[in-house]
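Right, one structure below, let's go through it.
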Amino acid sequence: MCESMRIPVQRKGKKTVPACTSINVDHEVEPVPTPVPTEVHQDLKILKEKSAGFFTVDLDCLTAPIEELVVRCTDTTWVQQIKESMRSQPSRPVTRIPVLCEREIPPVDFCINTMHPLLTLGGNHMVTAMKDLLIEEAGNPDYECLRQVDVEVYVGLTPREAMFVGSWHNIQCSQKPMNFQVNKKIT
1 MCESMRIPVQ RKGKKTVPAC TSINVDHEVE PVPTPVPTEV HQDLKILKEK
51 SAGFFTVDLD CLTAPIEELV VRCTDTTWVQ QIKESMRSQP SRPVTRIPVL
101 CEREIPPVDF CINTMHPLLT LGGNHMVTAM KDLLIEEAGN PDYECLRQVD
151 VEVYVGLTPR EAMFVGSWHN IQCSQKPMNF QVNKKIT
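For the sequence shown, the positions run 1 to 187 when the UniProt record's numbering is used.
This is the structure:
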């Protein structure tokens, strides 16, 4: 330990070197390559089989997930930031929201015209911000673009699979970083 700063130091023999000083080494330091996945994870293959496809739906068709499927609680501060961003430049979001059809049907039999409640698995902050903004700006035509949203509909997911889909969405969007508690909850 560097006593003045209580910082761990590298040890070589009995001599200590404070972490704040540079250390000369007698060899080249090479970066360690990070493996890049070349195959699709098996879980993703299974989940793709449970996807009914991509649709554009009215925002009112989306409902919050049941507690069992919540990956992380909705942060009102983050919702407010998204809402202010949308308020400054209203436009239809490009983010596709993963949703779960509550009714048990085969993916090929799903029809968007027989609208069943769709539970949001990811993108809950954005959906909440959009709904709030439409209420606050009721009657303002500039915000009508927020009424339609692109979704990927899943059917027949287990709670674990649904949480995986929501987490995957959050990782892909990477706007609000996932913390340790969220990562622990989904494993």
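We treat Cβ as the ideally placed atom computed from N, Cα and C, and that holds for glycine.
- Gly122 is positioned such that its CB atom lies no closer than 8 Å to that of Ile82.
- Looking at the DSSP output, Asp58 shares a beta bridge with Gln148.
- Less than 8 Å separates the beta-carbon of Glu68 from that of Pro159.
- Straight-line spacing of the CA atoms in Thr95 and Gly156 works out to 23 Å.
- Secondary structure of Gly53 (DSSP, three-state): strand.
- In this structure, Tyr154 lies away from Pro90, with their beta-carbon atoms at least 8 Å apart.
- Apart from the 5 residues on each side of it in sequence, Lys131 sits with its Cβ closer than 7 Å to the Cβ of Leu59 in its chain, given in chain order.
- Pro117 and Ile66 have their C-alpha atoms spaced approximately 12 Å apart.
- When beta bridges are read from the DSSP output, Ile171 appears opposite no residue.
- Per the DSSP secondary-structure output, Val127 pairs with nothing in a beta bridge.
- For Val79, the uninterrupted alpha helix (DSSP H) run begins and ends at Thr76 to Ser88, by DSSP.
- Distance from the CA of Ile135 to the CA of Asp150, rounded to the nearest whole angstrom, comes to 20 Å.
- Pro141 is classed as exposed because its beta carbon has fewer than 16 other beta carbons within 10 Å across all chains shown.
- Thr77 and Thr56 have their C-alpha atoms spaced approximately 28 Å apart.
- In the three-state reduction of the DSSP assignment, Val71 falls in the coil class.
- Annotation: Leu157 is outside any beta strand (DSSP E) and is labelled neither H nor E by DSSP.
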